[in-house]
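**Q** Below is one structure. I have some questions about it.
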Amino acid sequence: MVKIGNIELPDFPLLLAPMEDVSDPPFRALCKEQGADVVYTEFISSEGLIRDAAKSVMKLDIYEKERPVGIQIFGANLESMLQTIDIVEKSNPDIIDINFGCPVKKVVSKGAGAGILKDVCLMEQLTAEMVKRTNLPVTVKTRLGWDHDSIRIVEVAERLQDVGCAAISIHGRTRAQMYKGEADWKPIAEVKNNPRMHIPVFGNGDVDSPERAMEMRDVYGLDGCMIGRATIGNPWFFKQVKHFFKTGEHLKPVTLEERVDAARRHLQMAIDWKGETLGVFETRRHYTNYFKGIPNFKEYRMKMVTSDESKDVFAAFDEVLDVFSDYEFV
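Below, the structure written as structure tokens:
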């Protein structure tokens, strides 16, 4: 059993990574149904919450069926982050996660996200003060370091643990790498193997198959894995990994009917949550993966990603069922 604070999770839990414009309530609901053990919100700006910015506030929406769910926040100003804790608690999440890993320039330039990797003492101070501010478990998501020459993740993880961090998720790249090259899991294993570490250590980065998830568990000995890009348009990934762990075999490919049903439900939930315009627009990024592998699909994909009205997207789903009814995924 793995525990985050008092939250009990199964052995080697699978966590849905916080992804901007991806891990919203509709998508989190689909992933939860398919076996995600913990889901995280999109990352939320502390400054945006304090200003009551509509987009930031909307990201606080969570639902009972998602639990356990973590709200992830980012920022570099201590007072702002503490005020954010007070705001976030009103949404009653199970976990508060601090983003110390986002490599995007607009975040890093403010000293937040991966930008804080340049100042480990501030990283430690922010974590310590946020832990003191709340009774909820506070977790951290971070990277190996700012660049290859500044990797101190074993020390950093231990320092965060010692000020009360309840679990840490580590992406196996530096900020300098962004998302290029291969994730290096060896330093994450070094964190886990540090005899002074007693909180869960989760790996992140390049878990794109059940075999890779098993490698993270059995070869690197981590406590669980946080999965991001492999789940986009593929909420079944969690179920596929768990089936592989249990049987050593791959699940049968998801059928066309199951894919269309998920895409349809995803779009409807998005519309119900954020309205017609945003619901249609922000669900587009998933369709390529929902229907990946179907030959001569461009015409239908273009309808899905260029239509501004949901009725046209739903009609495109119906067309796909009709035209490709004989297609079998492999």
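Under full-length UniProt numbering, the first residue of the sequence shown is numbered 1, with each subsequent residue one higher. Glycine included, every Cβ here is placed at the ideal spot set by N, Cα and C.
(1) Alpha carbons only, please: which of 149, 247, 139 and 173 is nearest the one belonging to residue 161?
(2) With DSSP run on the structure shown, which of helix, strand or coil describes residue 305?
(3) How many Å lie between residue 131 and residue 76 at the Cα?
(4) Given a threshold of 16 other Cβ atoms within 10 Å of its Cβ, counted over all protein chains shown, does residue 250 qualify as buried or as exposed?
(5) Please go through the same chain and pick out, in chain order, the residues whose beta-carbon is closer than 7 angstroms to the beta-carbon of residue 205, but skip the five residues on each side of it.
(6) Output the distance between the C-alpha atoms of residue 374 and residue 310, rounded to the nearest integer angstrom.
(7) When we look at the beta-carbon of residue 90 and count the other beta-carbons within 10 Å, is it buried (16 or more) or exposed?
(8) Could you check how far apart the C-beta atoms of residue 166 and residue 5 are, in whole angstroms? I think they sit under 8 angstroms.
(9) Less than 7 angstroms between C-beta atoms, sequence neighbours within five positions excluded: which residues of the same chain meet that for residue 305?
(10) Would you decide whether residue 290 is buried or exposed? Buried here means 16 or more other CB atoms lie within 10 Å of its CB.
(11) By how many angstroms is the C-alpha of residue 316 removed from the C-alpha of residue 68?
(12) Applying the criterion that 16 or more other CB atoms from any shown protein chain within 10 Å of the CB defines a buried residue, is residue 94 buried or exposed?
(13) Nearest CA to the CA of residue 270: which residue from 15, 16, 10 and 30?
(14) Alpha carbons only, please: which of 294, 38, 44 and 177 is nearest the one belonging to residue 21?
(15) According to DSSP, is residue 139 part of a helix, a strand, or is it coil?
(16) Over what stretch of residues does the beta strand (DSSP E) that includes residue 226 continue unbroken?
**A** On the basis of the data shown:
(1) 139
(2) helix
(3) 15 angstroms
(4) exposed
(5) 171, 172, 173 and 183
(6) Because the chain here runs from 1 to 330, residue 374 falls outside it and cannot be looked at.
(7) By the Cβ neighbour-count rule, residue 90 is exposed, with fewer than 16 other Cβ atoms within 10 Å of its own.
(8) 5 angstroms
(9) 284 and 287
(10) buried
(11) 35 angstroms
(12) buried
(13) 30
(14) 44
(15) strand
(16) Per DSSP, residue 226 belongs to the beta strand (DSSP E) from 224-227.
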